[in-house]
Structure formats: structure tokens, C-alpha cells
Amino acid sequence: MKPQGYSRSQILLHWFVVLLLLPQYLFEDGIKGAWRAFRQGQEAAFDITVPLHVFGGLAVLLLVVWRVVLRLRRGAPEAPAGGSAMMERAAG
Numbered sequence: 014m015k016p017q018g019y020s021r022s023q024i025l026l027h028w029f030v031v032l033l034l035l036p037q038y039l040f041e042d043g044i045k046g047a048w049r050a051f052r053q054g055q056e057a058a059f060d061i062t063v064p065l066h067v068f069g070g071l072a073v074l075l076l077v078v079w080r081v082v083l084r085l086r087r088g089a090p091e092a093p094a095g096g097s098a099m100m101e102r103a104a105g
């Protein structure tokens, strides 16, 4: 039997991931410069946004794994009727 809706934990995890992704896109210049320097074999100048980007990405990864585990254990509500076949397959 599928649940009627998402649990409070699933909803909160969703929004925490969204909040963590926003600064990843807003402050991407530091990681771009560091990656460019790395590819060219140069030392990148220190930029606080680089470790923040890395730790933010790791936090997103952990939260997404947690979300997947919750979904596998609890399940998810039925997909709305009339959606595309691709979206239904993606929703599992």
C-alpha cells in the first residue's frame, strides 16, 4: 500500500537539499577557478568558497542518500494521473 503523501522527514530533506544547492550555483566562480588551475597543473589561490562548495556538495550527497533510503523504506505516493511516461518511470 502506497502512502497518501510524503512524510515530514521527506519534505524537510527535500527543502534542505534545495537550500544547500542554491549557494552551490550562486558562488560557483571559486570552484571553477580552482578546477581550471588544477587542470592546467597550477596551484589555485585560496578561496573560501572552494571548501564551502566541496563540503556543501558532500552534505547534499548525504542528504540525497538519506532521502533515497527513506523512500525505499517508506515508499512514495502514487504519481499524479496524466503525467508523461518518462516521469512515471523516473518516479519508480
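Remember, my numbering sits 13 above the position in the sequence shown when you count from 1. For every residue, glycine included, the Cβ atom is placed at its ideal position computed from N, Cα and C.
Inter-stretch contact at 8 Å, needing at least 3 Cβ pairs: the region 85-95 / the region 44-52: no
Coarse secondary structure for Glu101, derived from DSSP in three states: Within the sequence shown, residue 101 is the residue found at index 88, counting from 1. Reduced to three states, the DSSP call for Glu101 is helix.
Val63 classed as buried or exposed, judged by whether at least 16 other C-beta atoms fall within 10 angstroms: What you label residue 63 is simply residue 50 of the sequence shown in a count that begins at 1. Classification for Val63: buried.
Entirely enclosed alpha helix (DSSP H) segments - the region 39-65, minimum 4 residues: List check, alpha helix (DSSP H) in window: 42-52.
Cβ-based neighbour list, Ser20, same chain, cut-off 8 Å, excluding 5 preceding and 5 following: One-based indexing of the sequence shown puts residue 20 at position 7. So the list reads Leu83 and Arg87, once near-sequence residues are dropped.
CB contact flag (Val77, Val31, <8 Å): Translated into positions along the sequence shown, residue 77 becomes position 64. Translated into positions along the sequence shown, residue 31 becomes position 18. No, the Cβ-Cβ distance between Val77 and Val31 is not below 8 Å.
Gln23 vs Pro90 beta-carbon contact at 8 Å: By 1-based counting over the sequence shown, the position of residue 23 is 10. By 1-based counting over the sequence shown, the position of residue 90 is 77. No, the pair does not count as a contact, with Cβ atoms beyond the cut-off.
Three-state class that DSSP yields for Pro36 in the structure shown: Position 23 of the sequence shown, counted from the first residue, corresponds to residue 36. Here Pro36 sits in helix by DSSP.
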